[in-house]
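One line per chain: the protein sequences are S and D, in this order.
Take 0 as the starting number for the first sequence in numbering that gives the first Met the number 0 and just add one per residue.
Take 0 as the starting number for the second sequence in numbering that gives the first Met the number 0 and just add one per residue.
These notes concern the structure reproduced below.
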Amino acid sequence: MRKNILILTLAAGFMAGMAAAQDKADDLAIIVAKGSTLDSVTSPELNKIFLEEKSSGPDGHKYIVTVHVSGSPECKAALGSIYKFDQGEYDTYFLRALFAGRIHEKPQPLNSGAAVRQYVAATAGAIGYVRASEVDDSIKVIKVDGKSPGDADYPLKIK
Amino acid sequence: MNKTRTTAHFRRTALPLLLTALACASAPAQTNVTSSSNVEPDTLKKLLQRVDNQEAEIQALKSQLSHENAPAAEPAPAMPPPPAYPNLQFHGFGDIDYAADNRKGTMLNGVTETGVKNSFFLGEYDLFVTSQLSEEFSVLSEVVLSGGTDNDMSLDIERLLLQYHPNSYFNVDFGRFHTALGYYNNTYHHGTWFQTAVGRPSFLQYEDSGGILPIHTVGLSFHGAIPSGKLNLSYFFEIGNGDRFTTVPGQNAVQQVIANTDTKAVNVALIATPDWLPGVEMGIGTYYDRITPEAATPLPDFDQFIFNAHVVYHNANWEFLSEGYLIDDTAGNGGSSHYSPAFFAQISRKFGLLTPYARFTYYDVSNHDPLYSIVWNNGANAGVHYGPSLGLRYDISTYVALKAQYDYLIDQKLNDASRLTLQAAFTF
């Protein structure tokens, strides 16, 4: 009986580990260049940065927002969890911002996580998002609401 | 194709391993249950070691799968080109309308109003160009073709700005711009496609279309964020020519070439978008101008203050707009002050592609204020004007909206009237 309990406990722990690994892989990591002094943001700050309402970071660099092509799972996740928009609202928002003179072009979409990672790594002020499983040493992951990808309650998920 | 291959790969490699792992994990359990109820320390150690090894193996496989699943077949990442200047962007906006009302040739208190005679009409044809000239400099222009009551089309430069935007906190726009008065004027410009309703609230109409406010300024606008934590304050400080109050025919109220005085109008506004009230924007502002009216009967100079405040709320479905103004005109020779209040409130709710909306507009221009009862628009705005509007917007495609709006118009010097406006608004 004790052995059964032990096995069940080990199996439960094993499954929980699997689930945590799965969660991390499905998180959207916010990335900046390694030299950036930006370490963490709140969800509202992240929203303002990606809406280009906040134009420069703590190190004085202008933010260059980098996004994924529309229709990709990462783009859909960002629309839902960062922008709180659907695709039509996103397009209208940036057209309106352009019309108001606040911005001069929409964020340029890139076609893969590797492209976003590479661009952010090479560009001062660039900020973007990739799957947590695509993070490597070339870039820095910043915390959102004090949480890192893989943490419980990390707010940016790919569904 | 890639997904099918990955699934097959998973079936071939990961599934057998997972099944083996579970079988290995359960086999000793079954054996031990039948043989003994006591756990030997060695057995326990081996079991734990075995589970650890299997977990590591499965994790490695998962990681391999995750990389294969990631849309990172990534042959050659497409990097954006380095910025090239000037970076020109062009957009167009337009609307085609139909309107009818029952205020046809009615006359009350000596004022004639012809009304809208059951007409199809072209709205504004708005050519919008913006171009980034360098990392910090850009130019924005909005040229509008629109028709008048004489059926002739005229061309107006509605906005022309050289912009210097070095950071979030200090930005400068130089040229002709929309004065940062309240919310509506600073948010909606000449493209009706952006607006939920068919047009602007009556008192916020353009200077040459029956409005009462200095919608445009030619001069300088300084604006940016104020470090204020979760309050998210921003400011506008503007200085420009102000409007020309004249009864001389053919004179444009917006002094875009020659000002009739040396004094300049000044506008300040403070806006908050607190983090703790998502979707809410609140603002206050004050505009000042020293006005030298040009009328057949000489009038003194006036000090004009326009105080304003707004509260708006947006979320994915709801939009609530409200703003109020108080115009205070005081003759500069120690004369009396004249106050003219104005406000509107608008609410709308999106139901998929349909957005029903309602608006109430009110303004009361003092009949004793010579600037508005004699000079501005030849006195047509003096008195009380108010009424409700009900409408429906249908976003038939992403860049085309059809709108229908009913207005009930109550104007002190005119008969009450109903007006129906249909509009197709688009952007390209």
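Idealized CB from N, CA, C, for every residue including glycine.
These numbers were taken from a predicted model, which means no experiment stands behind them.
From the options, residue whose alpha carbon lies closest to that of residue i
{"i": "residue 179/D", "options": "287/D, 163/D and 151/D", "result": "287/D"}
{"i": "residue 31/S", "options": "151/S, 60/S and 76/S", "result": "60/S"}
{"i": "residue 87/S", "options": "193/D, 280/D and 294/D", "result": "193/D"}
{"i": "residue 356/D", "options": "195/D, 236/D and 398/D", "result": "195/D"}
{"i": "residue 139/S", "options": "37/S, 27/S, 146/S and 25/S", "result": "37/S"}
{"i": "residue 298/D", "options": "273/D, 263/D, 306/D and 334/D", "result": "334/D"}
{"i": "residue 305/D", "options": "313/D, 316/D and 284/D", "result": "284/D"}
{"i": "residue 173/D", "options": "166/D, 186/D, 308/D and 159/D", "result": "159/D"}
{"i": "residue 399/D", "options": "102/D, 53/D, 293/D and 352/D", "result": "352/D"}
{"i": "residue 225/S", "options": "35/S, 25/S and 94/S", "result": "Here chain S comprises residues numbered 0 to 158, so residue 225/S is not present and cannot be evaluated."}
{"i": "residue 225/D", "options": "218/D, 184/D, 166/D and 250/D", "result": "166/D"}
{"i": "residue 170/D", "options": "233/D, 200/D and 189/D", "result": "233/D"}
{"i": "residue 51/S", "options": "29/S, 42/S and 64/S", "result": "64/S"}
{"i": "residue 84/S", "options": "44/D, 315/D and 256/D", "result": "315/D"}
{"i": "residue 282/D", "options": "309/D, 256/D and 257/D", "result": "309/D"}
{"i": "residue 156/S", "options": "80/S, 34/S and 124/S", "result": "80/S"}
{"i": "residue 138/D", "options": "85/D, 247/D, 44/D and 420/D", "result": "85/D"}
{"i": "residue 292/D", "options": "371/D, 363/D, 311/D and 337/D", "result": "371/D"}
{"i": "residue 82/S", "options": "388/D, 278/D and 384/D", "result": "278/D"}
{"i": "residue 128/D", "options": "29/S, 126/S and 98/S", "result": "98/S"}
{"i": "residue 255/D", "options": "421/D, 119/D, 177/D and 382/D", "result": "177/D"}
{"i": "residue 268/D", "options": "198/D, 212/D, 185/D and 301/D", "result": "185/D"}
{"i": "residue 327/D", "options": "354/D, 369/D, 379/D and 98/D", "result": "369/D"}
{"i": "residue 249/D", "options": "124/D, 416/D and 377/D", "result": "377/D"}
Per DSSP, the bridge partner or partners of residue i
{"i": "residue 48/S", "result": "Residue 48/S is not bridged to any residue."}
{"i": "residue 239/D", "result": "218/D and 264/D"}
{"i": "residue 134/D", "result": "None; residue 134/D has no bridge partner."}
{"i": "residue 196/D", "result": "Residue 196/D is not bridged to any residue."}
{"i": "residue 140/S", "result": "30/S"}
{"i": "residue 204/D", "result": "In DSSP, residue 204/D forms no bridge with anything."}
{"i": "residue 109/S", "result": "67/S"}
{"i": "residue 158/D", "result": "141/D"}
{"i": "residue 293/D", "result": "245/D"}
{"i": "residue 48/D", "result": "Its beta-bridge partners do not exist; DSSP assigns none."}
{"i": "residue 170/D", "result": "222/D"}
{"i": "residue 330/D", "result": "301/D"}
{"i": "residue 156/S", "result": "26/S"}
{"i": "residue 118/S", "result": "Answer is none; residue 118/S lacks a bridge partner."}
{"i": "residue 101/D", "result": "Looking at the DSSP assignment, residue 101/D forms no beta bridge with any residue, so it has no partner."}
C-beta atoms of residue i and residue j nearer than 7 Å
{"i": "residue 96/D", "j": "residue 122/D", "result": "yes"}
{"i": "residue 374/D", "j": "residue 244/D", "result": "yes"}
{"i": "residue 142/D", "j": "residue 126/D", "result": "yes"}
{"i": "residue 131/S", "j": "residue 26/S", "result": "yes"}
{"i": "residue 238/D", "j": "residue 218/D", "result": "yes"}
{"i": "residue 390/D", "j": "residue 407/D", "result": "no"}
{"i": "residue 106/S", "j": "residue 68/S", "result": "no"}
{"i": "residue 271/D", "j": "residue 206/D", "result": "no"}
{"i": "residue 181/D", "j": "residue 318/D", "result": "no"}
{"i": "residue 336/D", "j": "residue 329/D", "result": "yes"}
{"i": "residue 148/D", "j": "residue 424/D", "result": "no"}
{"i": "residue 42/S", "j": "residue 154/S", "result": "yes"}
{"i": "residue 78/S", "j": "residue 89/S", "result": "yes"}
Delimiting residues of the beta strand (DSSP E) encompassing residue i
{"i": "residue 355/D", "result": "353-364"}
{"i": "residue 385/D", "result": "382-396"}
{"i": "residue 402/D", "result": "399-410"}
{"i": "residue 272/D", "result": "It is not in any beta strand (DSSP E) - residue 272/D carries neither H nor E in the DSSP assignment."}
Run of the alpha helix (DSSP H) containing residue i, from where it starts to where it stops
{"i": "residue 97/S", "result": "86-99"}
{"i": "residue 77/S", "result": "72-77"}
{"i": "residue 183/D", "result": "183-186"}
Contact list for residue i against chain C, beta-carbon separation under 8 Å
{"i": "residue 90/S", "result": "No chain C is present in this structure, whose protein chains are S and D."}
Heavy atom of the ligand COA within 6 Å of residue i beta-carbon
{"i": "residue 203/D", "result": "Of ligands this structure carries none, so the ligand COA is not represented either."}
*Please determine if the stretch 257-270 of chain D and the stretch 336-349 of chain D are in contact, where contact requires at least 3 C-beta pairs separated by less than 8 Å.*
Between the stretch 257-270 of chain D and the stretch 336-349 of chain D there are fewer than three C-beta pairs closer than 8 Å, too few to call the two in contact.
*Kindly confirm or deny that the stretch 134-152 of chain D and the stretch 111-126 of chain S touch, where touching means at least three C-beta pairs closer than 8 Å.*
At 8 Å Cβ cutoff, the stretches do not touch.
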